[in-house]
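Trainee: One structure is given below, represented as structure tokens, and several questions about it will come after.
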Amino acid sequence: MKRPTALLAAGALLLGALTACGPKDAPGTPGGSGLRVVTTTEILADLVRQVGGDRVRVDSIVPPGGDPHSYEPTPRDAAKVAEADVTFTNHLLLEEHALIKTIDANAPEDAPNVSLAEAAEAYGAHVIPLVENIALDVPWLGLRVLGEGAARGATRSSDVLLSATEVQGPGHLVAYLTQSLGQPQVYFDSGDGLDEKDTTSLPPAAHTHLNWAFTAPGVYRLTLRARLKNPQGPPSELGTGTFTFAVGVDPHGVARPQDTVIDEGHTDLTVNLDTGALSAYTDLRAGDGRQEELPPDQVVIDVPNKALDQVPDNPAFAFLGPPGTPVHQLPQAVLGKHVHGEIDPHLWQDAENAKAYVQLIRDTLARRDPGGAALYQDNARRYGEELDALDAYLSAQVARIPADRRQLITTHDAFGYLAEAYGLKVAGFVVPNPAQEPGADDVRRLTTTIRNLKVPAVFMEPNLAQRAAVLTQVAEDQGVRVCTLYGDAFDAHVRHYTDMMRHNADELLSCLGGGAP
Numbered sequence: 084m085k086r087p088t089a090l091l092a093a094g095a096l097l098l099g100a101l102t103a104c105g106p107k108d109a110p111g112t113p114g115g116s117g118l119r120v121v122t123t124t125e126i127l128a129d130l131v132r133q134v135g136g137d138r139v140r141v142d143s144i145v146p147p148g149g150d151p152h153s154y155e156p157t158p159r160d161a162a163k164v165a166e167a168d169v170t171f172t173n174h175l176l177l178e179e180h181a182l183i184k185t186i187d188a189n190a191p192e193d194a195p196n197v198s199l200a201e202a203a204e205a206y207g208a209h210v211i212p213l214v215e216n217i218a219l220d221v222p223w224l225g226l227r228v229l230g231e232g233a234a235r236g237a238t239r240s241s242d243v244l245l246s247a248t249e250v251q252g253p254g255h256l257v258a259y260l261t262q263s264l265g266q267p268q269v270y271f272d273s274g275d276g277l278d279e280k281d282t283t284s285l286p287p288a289a290h291t292h293l294n295w296a297f298t299a300p301g302v303y304r305l306t307l308r309a310r311l312k313n314p315q316g317p318p319s320e321l322g323t324g325t326f327t328f329a330v331g332v333d334p335h336g337v338a339r340p341q342d343t344v345i346d347e348g349h350t351d352l353t354v355n356l357d358t359g360a361l362s363a364y365t366d367l368r369a370g371d372g373r374q375e376e377l378p379p380d381q382v383v384i385d386v387p388n389k390a391l392d393q394v395p396d397n398p399a400f401a402f403l404g405p406p407g408t409p410v411h412q413l414p415q416a417v418l419g420k421h422v423h424g425e426i427d428p429h430l431w432q433d434a435e436n437a438k439a440y441v442q443l444i445r446d447t448l449a450r451r452d453p454g455g456a457a458l459y460q461d462n463a464r465r466y467g468e469e470l471d472a473l474d475a476y477l478s479a480q481v482a483r484i485p486a487d488r489r490q491l492i493t494t495h496d497a498f499g500y501l502a503e504a505y506g507l508k509v510a511g512f513v514v515p516n517p518a519q520e521p522g523a524d525d526v527r528r529l530t531t532t533i534r535n536l537k538v539p540a541v542f543m544e545p546n547l548a549q550r551a552a553v554l555t556q557v558a559e560d561q562g563v564r565v566c567t568l569y570g571d572a573f574d575a576h577v578r579h580y581t582d583m584m585r586h587n588a589d590e591l592l593s594c595l596g597g598g599a600p
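Residue numbers (my numbering): 84 to 600.
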């Protein structure tokens, strides 16, 4: 309910050197044709235009209809950033990490580089956690970086490098990602020896999901080495840790009395960027979803016999062995690359959060261009009144929907703020992140949810229509409508934030059903 009121590394360095050779026009001068602003998404660009008016010239890196979760920047994008007077990102790991690194590498030193989702809390923005509640009867094991590492010079453009340096056991250990379309990407593979290629990277405060395969039963010990790679300079050492796996054998026979056996729930092999320590970050003992850090030498991870599987008859999986060969495997749980943080980044789906963004944009533009401060203040005030009206409109439209029909089933998990702010419930989604591909369990869960709740409609995002085949097919099978909600992007029909949100309000009412006001 409504709450109370790198370009691409070397290229980036070259670009920076070239742009430093000549002077830039001062912001807001006739020669500069207004304050030059670069945003990551069209939604943010629209908010900036509403505040800046004719005094700003705004470019969005992700084009209309593009997906910020997966968009890969180009040299042309880096050139835009290098000429910017101000840059705005959403962040909270909404954008592809390469896009954030490109902005941070190319933004001029004197240009404010603002992460709106993080900084807007000071203006009253409300944030909610991402909740992953996928029921598995074996451990769900990933990799994670905790902390920000400010004392170590880490920034949002930093990378934490995790390397497998030693594996002891009766067979080979392989950690790999199943990407979209089912193609594997190997992270660690002891079968061909361990070297620098057995290294992966994560940005600060992120985590990801992997498959963990073992080619023979027995006890395995995996040693991981963690290093911090800041944008400048060589990697610096953080720490190491050795994790024990009981594969197809009784884990309690391997564990000491003081050890914790991890046999269910969500656990990540984790490096704490603030302390440098590695741990098993697990929700096993809390019982309420909270996670705690356990030292690597005090846990045994159970890979039970019910995790026994066979190598697929697909040449892409030859690294696991011949087709049909038995392997024990802890599954990835969700398909596709999915690096994310702890907080839902889609703040703008609550109009009050968009108002906080606008106030932050107002103050940022005014600091960069004091001569336009009065204009920015006036525009933000008038647009804020428009957002207040939008907020009331959203509340009124949803209130007309019968309470038992206020159920959202969507393409991906982008509407938590919309639901919390306006009295809806997120009943389901195909996948948490549009970069992922749904598995058989996702399809079964989606089908059961639609059938049990008797929802009249499900909702697809227009820019993700090509990835919505599963949602469309399940909806057709269950005889329910497929409607549209805008999540991360505009398209040719909707080019403004307020139009987007009014469309969403009207579509919810039309598709879920409601009476007269």
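We put the CB at the ideal spot given by N, CA and C, even for glycine.
How long is the line joining the alpha carbons of L118 and L547, rounded to whole angstroms?
Mentor: Each residue's Cα considered, the two are about 33 angstroms apart.
Trainee: Rounded to a whole number of angstroms, what is the C-alpha to C-alpha distance between Y580 and E201?
Mentor: Cα-Cα distance, rounded: 20 angstroms.
Trainee: Measure the alpha-carbon distance for P222 versus T298 and round it to whole angstroms.
Mentor: So the alpha carbons of these two residues sit roughly 18 angstroms apart.
Trainee: Quick check on Q490: does DSSP put it in helix, strand or coil?
Mentor: Q490: strand per DSSP, three-state reduction.
Trainee: Quick one: what's got a C-beta closer than 6 angstroms to V328's C-beta in the same chain, skipping five residues either side?
Mentor: In the sequence on display, residue 328 carries Phe and not Val. Same-chain partners within the cutoff: Y303, I384 and V386.
Trainee: Within a Cβ cutoff of 8 angstroms, which residues of the same chain sit near E376, ignoring the five residues on either side of it in sequence?
Mentor: Cβ neighbours of E376 beyond the five flanking positions: L229, T353, N355, A360, S362, A363 and Y364.
Trainee: Given 8 angstroms as the limit, is there contact between the region 478 to 494 and the region 506 to 513, that is, 3 or more CB pairs closer than that?
Mentor: Taking 8 angstroms as the limit for Cβ pairs, the verdict is that the region 506 to 513 does touch the region 478 to 494.
Trainee: Is the beta carbon of L311 less than 8 angstroms from the beta carbon of S241?
Mentor: Result yes, Cβ atoms of L311 and S241 sit closer than 8 angstroms.
Trainee: Taking contact to mean 3 or more Cβ pairs, one atom from each stretch, closer than 8 angstroms, check whether the region 433 to 448 and the region 456 to 464 are in contact.
Mentor: With the cut-off at 8 angstroms, the region 433 to 448 and the region 456 to 464 touch.
Trainee: Give me, in chain order, the residues of the same chain whose beta-carbon lies closer than 7 angstroms to that of V121; leave out the 5 immediate sequence neighbours on both sides.
Mentor: Within the same chain, V121 has close Cβ partners D142, I144, K163, V164, A167 and T170.
Trainee: When the distance is taken between beta carbons, is L244 closer than 8 angstroms to P428?
Mentor: No, the pair does not count as a contact, with Cβ atoms beyond the cut-off.
Trainee: Among A161, V134, T291 and T123, whose alpha-carbon lies nearest the alpha-carbon of I444?
Mentor: Nearest of A161, V134, T291 and T123 to I444, Cα basis: V134.
Trainee: Does N388 pass the burial test, meaning 16 or more other C-beta atoms within 10 Å, or should it be called exposed?
Mentor: It counts as exposed.
Trainee: Counting only beta-carbon atoms, is F271 nearer than 8 angstroms to chain B?
Mentor: The structure shown contains no chain B; it is built from a single protein chain.
Trainee: Relative to the C-alpha of L154, which candidate in V139, T123 and E435 has its C-alpha closest?
Mentor: A small correction: the amino acid at residue 154 is Tyr; Leu does not occupy that position in the sequence shown. Of V139, T123 and E435, the residue nearest in Cα terms is T123.
Trainee: H349: buried (16+ other C-beta within 10 angstroms of its C-beta) or exposed?
Mentor: Buried, because 16 or more other Cβ atoms sit within 10 Å of the Cβ of H349.
Trainee: Please classify M584 as buried or exposed, where buried requires at least 16 other C-beta atoms within 10 Å of its C-beta.
Mentor: Flag for M584 reads buried.
Trainee: Identify, in the order they occur along the chain, each residue of the same chain with its Cβ nearer than 7 angstroms to the Cβ of R86, setting aside the five sequence neighbours on each side.
Mentor: The predicted model places R86 with a pLDDT of 42, which falls under 50 and marks its position as unreliable; any figure quoted below should be read in that light. Only H209 meet the Cβ criterion.
Trainee: When we look at the beta-carbon of Q432 and count the other beta-carbons within 10 Å, is it buried (16 or more) or exposed?
Mentor: With 16 or more other Cβ atoms within 10 Å, it is buried.
Trainee: So is R464 buried or exposed if we call it buried at 16+ other beta carbons inside 10 Å?
Mentor: With fewer than 16 other Cβ atoms within 10 Å, it is exposed.
Trainee: In this structure, does DSSP put V210 in helix, strand or coil?
Mentor: Coil at V210, not helix or strand.
Trainee: Have a look at I183, D351, T493 and V557 and flag the residue whose alpha-carbon is nearest the alpha-carbon of M543.
Mentor: Among I183, D351, T493 and V557, the Cα nearest to that of M543 is on T493.
Trainee: Taking the Cβ atom as the reference point for each residue, do F271 and A309 lie within a distance shorter than 8 angstroms?
Mentor: Not closer than 8 angstroms, so no.
Trainee: From the DSSP secondary-structure annotation, give me the bridge partner or partners of S246.
Mentor: DSSP lists T282 and R308 as partners of S246.
Trainee: Measure how close the beta-carbons of V332 and P300 come, nearest whole angstrom, since I'm counting them as under 8 angstroms.
Mentor: Rounded, the Cβ-Cβ distance is 6 angstroms, consistent with contact.
Trainee: Report the three-state DSSP secondary structure of T298 (helix, strand or coil).
Mentor: The answer is coil: DSSP assigns T298 none of H, G, I, E or B.
Trainee: Considering just the uninterrupted stretch of the beta strand (DSSP E) at V557, what are its terminal residues?
Mentor: Segment A552 to Q561 is the alpha helix (DSSP H) holding V557; no beta strand (DSSP E) there.
Trainee: Please determine, among D461, F498, A437 and Q490, the residue with the shortest C-alpha to C-alpha distance to L470.
Mentor: It is A437 whose Cα lies nearest to the Cα of L470.
Trainee: So if DSSP puts D137 in a beta bridge, which residue, or which two residues, is it bridged to?
Mentor: Answer is none; D137 lacks a bridge partner.
Trainee: Within the same chain, show all residues whose beta-carbon is closer than 7 angstroms to that of Q442, passing over the 5 residues directly before and after it, in chain order.
Mentor: Excluding sequence neighbours, Q442 sits near Y206 and A463.
Trainee: Given this structure, state the Cα-to-Cα distance separating L430 from Y500, to the nearest angstrom.
Mentor: Distance between the alpha carbons of L430 and Y500: 6 angstroms.
Trainee: Give the DSSP bridge partners of V272, in chain order.
Mentor: According to the sequence displayed, residue 272 carries Asp and not Val. Beta-bridge pairing links D272 to V257.
Trainee: Given a threshold of 16 other Cβ atoms within 10 Å of its Cβ, counted over all protein chains shown, does R159 qualify as buried or as exposed?
Mentor: Classification of R159: exposed, given that the 10 Å Cβ count is below 16.
Trainee: Could you give the distance in angstroms between the alpha-carbon of Q480 and the alpha-carbon of S593?
Mentor: Distance between the alpha carbons of Q480 and S593: 10 angstroms.
Trainee: Would the beta-carbon of A439 fall within 8 angstroms of that of A203?
Mentor: Contact: yes.
Trainee: Counting C-beta neighbours from all protein chains within 10 Å, is the total for E249 16 or more, i.e. buried, or is it exposed?
Mentor: Burial call: exposed.
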